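A.B. asks:
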Amino acid sequence: MALAARQAPPAQAPAARAGGRGRLAWLRASSRRLTGERSFLRYATGVAALLPLLALVGIVAILAAKAWPAMKLNGAGFFWRSVWDPGNTYGAPVKTDGVLHPVGAHYGALPLIVGTLASSAIAVLFAVPLSIGAALAVVEKLPRRASHVLGMFLELLAGIPSVVFGLWGILTLGPVLSRDVYPAVASIMPDVPVLRFFRGDTGYGEGLMTAGLVLGVMIIPIVAATTRDLLRQVPVLTKEGAAALGMSDWEVASKVSIPWVRAGMIGASVLGLARALGETMAVAMVSGSLLGTVPANLYGKMGTIASTIVQQLDGAFSDGTGFAVRTLAEFALLLAVITLLTNIAARLLVRKVAATALPVGRGV
Amino acid sequence: MTSVRAPATAAPRRADVPAIVEAGIRGVSMQVQDLALGFGSATVLSGLDLEVRRGEITALIGPTGSGKTTFLRSLNRMNDKVAKHWHRGDVLLNGASIYAPGAQLMALRRRVGMVFQRPNPFPMSIAANILAGVKAHRIAGKEHYRDIVEARLREVGLWDAVSNRLNSSPFSLSGGQQQLLCLARALAIGPEVLLLDEPTSSLDPVTTENIEAMARSLVPALTVVIVTHNLGQARRISDRTVFFYQGKMVECAETAQLFEDPREPETARYVTGRMG
Ligand SMILES: Nc1ncnc2c1ncn2[C@@H]1O[C@H](COP(=O)(O)OP(=O)(O)O)[C@@H](O)[C@H]1O
Ligand SMILES: [Mg+2]
Numbered sequence: 284m285a286l287a288a289r290q291a292p293p294a295q296a297p298a299a300r301a302g303g304r305g306r307l308a309w310l311r312a313s314s315r316r317l318t319g320e321r322s323f324l325r326y327a328t329g330v331a332a333l334l335p336l337l338a339l340v341g342i343v344a345i346l347a348a349k350a351w352p353a354m355k356l357n358g359a360g361f362f363w364r365s366v367w368d369p370g371n372t373y374g375a376p377v378k379t380d381g382v383l384h385p386v387g388a389h390y391g392a393l394p395l396i397v398g399t400l401a402s403s404a405i406a407v408l409f410a411v412p413l414s415i416g417a418a419l420a421v422v423e424k425l426p427r428r429a430s431h432v433l434g435m436f437l438e439l440l441a442g443i444p445s446v447v448f449g450l451w452g453i454l455t456l457g458p459v460l461s462r463d464v465y466p467a468v469a470s471i472m473p474d475v476p477v478l479r480f481f482r483g484d485t486g487y488g489e490g491l492m493t494a495g496l497v498l499g500v501m502i503i504p505i506v507a508a509t510t511r512d513l514l515r516q517v518p519v520l521t522k523e524g525a526a527a528l529g530m531s532d533w534e535v536a537s538k539v540s541i542p543w544v545r546a547g548m549i550g551a552s553v554l555g556l557a558r559a560l561g562e563t564m565a566v567a568m569v570s571g572s573l574l575g576t577v578p579a580n581l582y583g584k585m586g587t588i589a590s591t592i593v594q595q596l597d598g599a600f601s602d603g604t605g606f607a608v609r610t611l612a613e614f615a616l617l618l619a620v621i622t623l624l625t626n627i628a629a630r631l632l633v634r635k636v637a638a639t640a641l642p643v644g645r646g647v
Numbered sequence: 003m004t005s006v007r008a009p010a011t012a013a014p015r016r017a018d019v020p021a022i023v024e025a026g027i028r029g030v031s032m033q034v035q036d037l038a039l040g041f042g043s044a045t046v047l048s049g050l051d052l053e054v055r056r057g058e059i060t061a062l063i064g065p066t067g068s069g070k071t072t073f074l075r076s077l078n079r080m081n082d083k084v085a086k087h088w089h090r091g092d093v094l095l096n097g098a099s100i101y102a103p104g105a106q107l108m109a110l111r112r113r114v115g116m117v118f119q120r121p122n123p124f125p126m127s128i129a130a131n132i133l134a135g136v137k138a139h140r141i142a143g144k145e146h147y148r149d150i151v152e153a154r155l156r157e158v159g160l161w162d163a164v165s166n167r168l169n170s171s172p173f174s175l176s177g178g179q180q181q182l183l184c185l186a187r188a189l190a191i192g193p194e195v196l197l198l199d200e201p202t203s204s205l206d207p208v209t210t211e212n213i214e215a216m217a218r219s220l221v222p223a224l225t226v227v228i229v230t231h232n233l234g235q236a237r238r239i240s241d242r243t244v245f246f247y248q249g250k251m252v253e254c255a256e257t258a259q260l261f262e263d264p265r266e267p268e269t270a271r272y273v274t275g276r277m278g
């Protein structure tokens, strides 16, 4: 119909000039053409809007289908077991509950869940304060040219491939920290809850802390750039009001500017967190790739879900029953769910913070 | 003089008023000496000499762009941070230069408070807004916070409206209430001089009247300098009026005289409404 309508006007246009019935027909045709195009547009935009949803549902569904036998066999205990045993992949496979698997195959996700959450938490705790500092410097302190240069460095940092960060972490950062920093920190920490995890064997630079710090450096650009854009939205009038009360620059920033953007700051942190949760290569290189054991302290070797999937995939294919690959699919599903839950939690938090305080740009 | 002398909201007179002021002998609070200032190559103000008398309301009037705001902001050094700002000449507060090398900016702003053209509450609760300056200057201990909040909100006539939501956001208040909150916040640190930059230009007539009455009630304990577009407001509340035109101080006189018998022809044209 749309096609026919589109062809109509050229033929009828001369008649339209002649007036009368011809004109009426042309008008009708052109209005039909318009509605035709509108509804086509509506379909197109509708489909485009649905695409992300379809992609998400599709990916999760395919993963779930692939992982289903492993989920059945691994059971709920999967989430709190600390074990990684592919079983005897050379012997004859056996069938349990209708799922074919190597004898003795046994998997648990707890160490990788802990590793994923802990390394990402360290990354965010490290990156957010630094990013706020950098963003404040760019927006409030530095002369235009210097802030331009700093911004450029942040963009360069964002563009560096993660394998380069991984190499830097394993060749430079890890060794330096494990030689000069970790032992000193471990020796002064008291034996009390939480701080206890800073004590003990500090290792050789491969492990949770190094992975978290490398991830932190990797997410600084995105968090800092977002924070900078947020701070630029704080009204000058509000900051001047604080300065006019005799507040120092630091007080203006900490009491007024940062609170003004705190809802947005949560969003910025989650952007960084999401990247840290899913980061694969850099973590694979600096984590120490420990399987089946929860790291003993903050310096211990560990693994994350993403890094383990990429490192174990090759070996998983040697499991002729396919059970190892199905278990990796279950891990992938788990990672997707963790990321999703993080985002939902962030949204709820943003709503709460924004409701009790002040949305940017409102008021007066 | 057609001023509303009696405040509508009965605010307590401050205890720290020097007896000498009450006795009617008025000194000079701020003295502006041959001040010129600008930004980069632009000269915004030049050749300003002015005495701001203690315990009086001084009104600054003049067409838009004549430099009233810029001048007001030079009295608490708010221009310092503006890009390419420069100044010549001097401003004295109680005889001491506020631009002197050792002068403490934070201390100056504690003594010379400011309320802006539009309300600018901070992103914190109503109570915390009042306390923001009190905390920054460590004026009082925690145990006094409640009393300070109540006293200041009562002083500006906002207590009844907000006493049941002290911990909620100030952004839910009306524009007028927000401006009163900003006034209370400025008063909470006990300034000697209060600078008001068209504080009622975005407000309704009733709130405007409130703020005018409040300004009257603040003197003579405080010295008030108010920029206003509203000539009626200048006549109603000020003791002296300064007329600015194109970055210069054209005339400064008792308010009644400036409006009824101006010396300068430009002043006459402006106050009779024949100039923008
Ligand atoms: N930061 C600035 N840079 C350059 N010129 C400025 C700046 N601030 C104000 N001006 C100029 O100073 C003049 C006076 O402005 P202002 O003090 O705001 O006037 P008023 O308050 O009397 O309307 C205006 O011409 C304005 O353009
Ligand atoms: Mg102005």
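Sequence lines, in order, name chains G and P.
Residue 284 is where the first sequence starts when you use my numbering, and the numbers rise one by one after that.
Residue 3 is where the second sequence starts when you use my numbering, and the numbers rise one by one after that.
Backbone N, C-alpha and C define an ideal beta-carbon position, used for all residues, glycine too.
For clarity, every value in this text was computed on a predicted model and none was experimentally measured.
(1) Using a C-beta to C-beta distance shorter than 7 Å, which residues of chain P count as neighbours of Gly547/G?
(2) Name, going along the chain, the residues of the stretch 177-194 of chain P whose beta-carbon falls closer than 8 Å to a beta-carbon of chain G.
(3) Mind listing which residues of the stretch 527-556 of chain G have their C-beta closer than 7 Å to chain P's C-betas, in chain order?
(4) Which residues in chain P have a C-beta closer than 7 Å to the C-beta of Asn521/G? List them in chain order.
(5) Below 8 Å on the Cβ atoms is my guess for Arg545/G versus Val636/G; work out the distance and round it to an integer in Å.
(6) List the residues of chain G whose Cβ lies closer than 9 Å to the Cβ of Met80/P, in chain order.
(7) Does the contact criterion of 3 or more C-beta pairs under 8 Å hold for the stretch 589-599 of chain G versus the stretch 464-477 of chain G?
(8) Below 7 Å between beta carbons is the criterion; list the residues of the stretch 130-154 of chain P that meet it against any residue of chain G, in chain order.
(9) With distances taken between CB atoms, is the gap from Gly42/P to Ala85/P smaller than 9 Å?
(10) For Lys378/G, write down the residues that DSSP places opposite it in a beta bridge.
(11) Suppose you measure from the CA of Ala429/G to the CA of Val422/G; what does that come to, to the nearest Å?
(12) Taking 9 Å as the threshold (C-beta atoms), are Val569/G and Val497/G in contact?
(13) From the beta carbon of Gly115/P, is the nearest beta carbon of chain G less than 9 Å away?
(14) Run through chain G and tell me which residues come within less than 8 Å of Met108/P, C-beta to C-beta.
(15) Could you check whether the Cβ of Pro385/G sits closer than 9 Å to any Cβ belonging to chain P?
(16) Give the DSSP-derived three-state secondary structure of Ser76/P in the structure shown.
(17) Any C-beta of chain P sitting closer than 9 Å to the C-beta of Gly598/G?
(18) Along the chain, which unbroken stretches of the beta strand (DSSP E) at least 3 residues long are found entirely within the stretch 108-195 of chain P?
(19) At a Cβ threshold of 9 Å, is Lys250/P touching chain G?
(20) Roughly how far, in whole angstroms, is the beta-carbon of Thr274/P from the beta-carbon of Val252/P, given that I think they are within contact range, below 8 Å?
(21) To the nearest angstrom, report how far apart Gly26/P and Gly57/P are at their CA atoms.
(22) Ligand 2 heavy atoms versus the CB of Asp532/G: any closer than 8 Å?
(23) Around the Cβ of Pro125/P, are there at least 16 other Cβ atoms within 10 angstroms (buried) or fewer (exposed)?
(24) Once you ignore the five residues that flank Arg276/P on each side, which residues in its own chain have a CB closer than 7 Å to its CB?
(25) Since Glu200/P contacts Gln119/P with CB under 8 Å, what's their CB separation in whole angstroms?
(26) Measuring from the CB of Gly42/P, is there a heavy atom of ligand 1 at a distance below 8 Å?
(27) Considering only C-alpha positions, which residue in the set Cys254/P, Glu256/P, Gly249/P and Pro264/P is nearest to Leu37/P?
(28) Please report whether the beta-carbon of Phe118/P lies at a distance below 9 Å from any beta-carbon of chain G.
(29) Compute every distance between the C-beta of Glu214/P and the non-hydrogen atoms of ligand 2, then say whether any falls below 8 Å.
(30) Count the other CB atoms, across all protein chains shown, that sit within 10 Å of the CB of Thr66/P; report buried if there are 16 or more and exposed otherwise.
(31) Do three or more CB pairs link the stretch 583-591 of chain G to the stretch 515-524 of chain G at distances below 8 Å?
(32) With DSSP as the reference, label Asp263/P as helix, strand or coil.
(33) Could you give the residue range of the beta strand (DSSP E) that holds Ser590/G?
(34) Shorter than 8 Å, the distance from the beta carbon of Pro65/P to the closest heavy atom of ligand 1, or not?
(35) Take Ala551/G and list the residues in its own chain whose beta-carbon comes closer than 6 Å to its own, dropping the five residues that flank it on each side.
(36) Here's the rule I'm using: 16 or more other beta-carbon atoms within 10 Å means buried, otherwise exposed. How should Arg237/P be labelled?
C.D. replies: In short, the structure shows the following:
(1) For Gly547/G, no chain P residue has a Cβ inside 7 Å of its Cβ, as the nearest lies near 12 Å away.
(2) Taking 8 Å as the Cβ-Cβ cut-off against chain G, the residues of the stretch 177-194 of chain P that qualify are Gly177, Gln180, Cys184, Arg187, Ala188 and Ile191.
(3) Those residues of the stretch 527-556 of chain G that come within reach of chain P (Cβ to Cβ, closer than 7 Å) are Ala527, Leu528, Gly529, Met530, Ser531, Glu534, Lys538, Val539, Pro542 and Trp543.
(4) According to the sequence shown, residue 521/G is Thr rather than Asn. Listed along chain P are Asn122 and Phe124, each with a C-beta nearer than 7 Å to that of Thr521/G.
(5) A Cβ-Cβ separation of about 6 Å places Arg545/G in contact with Val636/G under the 8 Å criterion.
(6) The contact set of Met80/P on chain G, defined by CB atoms closer than 9 Å, consists of Glu523, Ala526 and Ala527 in chain order.
(7) Output reads no: the stretch 464-477 of chain G does not touch the stretch 589-599 of chain G.
(8) Sequence-ordered contacts of the stretch 130-154 of chain P with chain G read Ala134, Gly135, Ala138 and His139 [C-beta pairs closer than 7 Å].
(9) With respect to the 9 Å criterion, Gly42/P and Ala85/P are classified as neighbours on the basis of their beta carbons.
(10) Under DSSP, Lys378/G shares a beta bridge with Leu383/G.
(11) Near 11 Å, if we compare the C-alpha coordinates of Val422/G and Ala429/G.
(12) It is a contact, given that the beta carbons lie within the stated cut-off.
(13) Judged by the 9 Å Cβ criterion, Gly115/P is in contact with chain G.
(14) Near Met108/P (Cβ distances below 8 Å), the residues of chain G are Gly529, Met530 and Ser531.
(15) Answer no: the Cβ-Cβ gap between Pro385/G and chain P never drops below 9 Å.
(16) Three-state result, Ser76/P: helix.
(17) Cβ-Cβ to chain P under 9 Å: no for Gly598/G.
(18) Taking only runs of at least 3 residues, the beta strand (DSSP E) segments lying wholly in the stretch 108-195 of chain P are 114-117.
(19) Judged by the 9 Å Cβ criterion, Lys250/P is not in contact with chain G.
(20) That pair is no contact at about 14 Å.
(21) Interpretation of Gly26/P is limited by its pLDDT of 42, a score under 50 that renders its predicted location unreliable; the figure taken from the coordinates is listed afterwards. Near 9 Å, if we compare the C-alpha coordinates of Gly57/P and Gly26/P.
(22) The answer is no for Asp532/G.
(23) With 16 or more Cβ atoms within 10 Å of its Cβ, Pro125/P is classed as buried.
(24) Result list for Arg276/P: empty, nothing under 7 Å.
(25) That belief holds up - the Cβ atoms of Glu200/P and Gln119/P are roughly 5 Å apart, short of 8 Å.
(26) For ligand 1, at least one heavy atom lies less than 8 Å from the Cβ of Gly42/P.
(27) For Leu37/P, the nearest C-alpha among the options comes from Gly249/P.
(28) Yes, Phe118/P lies at the interface with chain G (some Cβ there is under 9 Å from its Cβ).
(29) No, ligand 2 has no heavy atom inside 8 Å of this Cβ.
(30) Thr66/P should be labelled exposed.
(31) Judged by Cβ distances under 8 Å, the stretch 583-591 of chain G makes no contact with the stretch 515-524 of chain G, as fewer than three pairs qualify.
(32) Residue state for Asp263/P is assigned as coil, using DSSP reduced to three classes.
(33) Ser590/G -> not in any beta strand (DSSP E); alpha helix (DSSP H) instead, spanning Ile588 to Ala599.
(34) Yes, the Cβ of Pro65/P comes within 8 Å of a heavy atom of ligand 1.
(35) So the qualifying residues of the chain are Val506, Thr509 and Thr510.
(36) Counting the other Cβ atoms within 10 Å of the Cβ of Arg237/P gives 16 or more, which makes it buried.
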